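Mapping to my numbering: the sequence shown position 56 is 57, numbers consecutive. Structure first, then comments.
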Amino acid sequence: MGIWLLNHFSTFALAVLLGGGAVVLALAGCLVVRRRFPRLSAGAYNDMIGVVLGMYAAIYGIILAFVVVAEWEGLNEAGTNVAAEASQTAEVLRDASAFPPEQQRKVSDAMGAYVHSVVDRQWPLMRQGRPDPGLTNPEVVRLYTVFQEYEPETNAEQAYYEQAVSTLGEVAEARRTRLADSEQSLPMLLDVLVYGGALVMLPLTFLYGMESIRAQLMFVASVAALIGVSLLLCLTLDHPFAGDMAVSPQPFKEGVLAQFWP
């Protein structure tokens, strides 16, 4: 559900949906509670409610901070890995420039097919959180075959050959990491704590009585807006390859790899 929302709505639309929705529901709930239990507006239970609300807010804030930091690090690591994979792919092409023209062409053709397969075929599925490793397996096999069928003739070719094969192994490793990152999401327990906690936090604010209805509505609305934006942040960072903040395939189109794109 989260990936679908990220891929079909902009961040601004989601902010309106989550933040605005939370504020509207909170205001409506506050008015209902205030009308049904008028004694609460006198603040008779504020001492007890204030302690409970403060304790719960502290615990919920720690959970949110942990989740946001973990997700932000995951997003950064996914972007770093994609950049590393693209750089390693380009490095294989640079090493192949030491080979005879025919072998250079074979390496270039195989690498071009791999890059296009990653960007054009695999990336759209990664945005949906269901990558298919089989889409690029034939291109990876072809790359290894190109090197396995080549026999270096000079010491220079041998040196660059060994370096290219080693780097190709790093490309394969980065590819596996990228596919794993695209399936990344919060564990079910943390989902329950983050989203379920918000459902408990908001009603607690209704019970904190204030004589001024305007002041109480402002208090409830500000808490609801903060929770809504926090939930949006958690949702946005949860899936590194979906939404407006998604990791981009642009590194596969830059530098040496730009030759594979019109």
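No residue lacks a Cβ here, since even glycine has one placed at the ideal position from N, Cα and C. Bear in mind the structure is a predicted one, so any value in this text is a computation, not a measurement.
In three-state terms, what does DSSP make of residue i?
i      : result
Gly130 : coil
Val68  : helix
Gln149 : helix
Met211 : coil
Gly135 : helix
Ala59  : helix
Ala43  : helix
Asp110 : helix
Glu154 : coil
His240 : coil
Met189 : helix
Ser1   : No statement about residue 1 is possible, as the shown extent of the chain runs from 2 to 263 and does not include it.
Glu184 : coil
Pro125 : helix
Trp262 : coil
Pro250 : coil
Met2   : coil
In chain order, what residues of the same chain have a beta carbon less than 8 Å from the beta carbon of residue i, not counting five sequence neighbours either side?
i      : result
Val257 : Ala91, Leu94 and Arg95
Gln105 : Ala97 and Ser98
Cys235 : Leu65, Val68, Val69, Glu72, Leu187 and Val195
Leu190 : none
Gln129 : Ile4, Asn8 and Ala243
Between the Cα of residue i and those of the options, spot the shortest distance and give me the residue it belongs to.
i      : options                           : result
Asn8   : Gln260, Ala259 and Pro241         : Pro241
Asp110 : Glu140, Asp182, Arg40 and Ala59   : Glu140
Thr168 : Phe148, Ala157 and Ala79          : Phe148
Ser1   : Leu54, Met211, Glu163 and Thr206  : Nothing can be reported for residue 1, as the shown portion of the chain is limited to 2 through 263.
Tyr46  : Gly229, Asp245, Arg128 and Met211 : Met211
Glu150 : Thr137, Met112, Val172 and Val108 : Val108
Met49  : Tyr209, Pro102, Glu255 and Asp133 : Tyr209
Gln123 : Gly62, Arg176, Phe38 and Ala23    : Arg176
Asn138 : Tyr161, Met112, Ala27 and Pro204  : Met112
Ser118 : Arg143, Pro102 and Glu103         : Arg143
Between residue i and residue j, how many whole angstroms is the CB-CB distance? I'm expecting something under 8 Å.
i      : j      : result
Leu238 : Leu41  : 37 Å between Cβ atoms; not a contact.
Val120 : Pro250 : 5 Å
Leu126 : Pro132 : 5 Å
Can you tell me whether residue i sits near the ligand GTP, meaning its C-beta is under 7 Å from at least one heavy atom of the ligand?
i      : result
Leu208 : This structure lacks the ligand GTP, and indeed carries no ligand of any kind.
Who are the Cβ neighbours of residue i in its own chain at under 6 Å, not counting the five residues just before and after it?
i     : result
Ala79 : Asp182, Pro241 and Val248
Gly44 : Gly210
Ala84 : Pro252
When burial is assigned at 16 or more other CB atoms within 10 Å of the CB, is residue i buried or exposed?
i      : result
Glu72  : buried
Asn82  : buried
Leu200 : exposed
Ala225 : buried
Arg179 : buried
Ile214 : exposed
So, for residue i: in the same chain, excluding its five sequence neighbours on each side, which residues have a beta-carbon less than 7 Å away from its beta-carbon?
i      : result
Leu233 : Leu15, Ala16, Leu19 and Gly20
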